[in-house]
Amino acid sequence: MTATRTAPRLSKSKLMACRQCPRRLWLEWHRPDLRDDTTATQAAFGQGHAVGQVARQLYDRDGKGIEVSRERVQDALAQSKVLLREPSQPL
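Below you can see the structure in the form of structure tokens.
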């Protein structure tokens, strides 16, 4: 039996990793087992996730956030265009 892998999610951190070094992004997606996070790094990730959750509660009350996956990029782009036309929707 083979394990199914989910498509990696693109985040601000992943975009910054790619800007710093495209190989870093590749390694983060394809070889996460090589990563060795310190306790401080894990704490920073936890804070970042908490801030993201608060931001979604404040700015995405209707749950219109866009989930992007490799298979549904066109759907995400179409949804983005619709949301950009809504002046009341914070970006």
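Letter by letter, the sequence shown follows residues 1 to 91 in UniProt numbering. All C-beta atoms in this analysis are idealised placements derived from N, C-alpha and C, irrespective of residue type, glycine included. Quick caveat: nothing in here was measured; it's all calculated off a predicted structure.
Measure the Cβ-Cβ separation of LEU77 and LYS64 and say whether it is below 8 angstroms. no
Round the Cβ separation of LEU34 and LEU27 to the nearest angstrom and send it over; I've been treating them as touching at under 8 angstroms. Contact check for LEU34 and LEU27: beta-carbon distance about 6 angstroms, within the 8 angstroms limit, so the pair qualifies.
Thinking C-beta only, is ILE66 closer than 8 angstroms to GLN79? yes
Return the first residue and the last residue of the alpha helix (DSSP H) that PRO22 is part of. 22-30
Through-space distance from TYR59 to SER13, alpha-carbon basis: Approximately 20 angstroms, taken between the alpha carbons.
For SER13, three-class secondary structure by DSSP: helix
What first and last residue would you give for the alpha helix (DSSP H) that runs through THR39? 39-59
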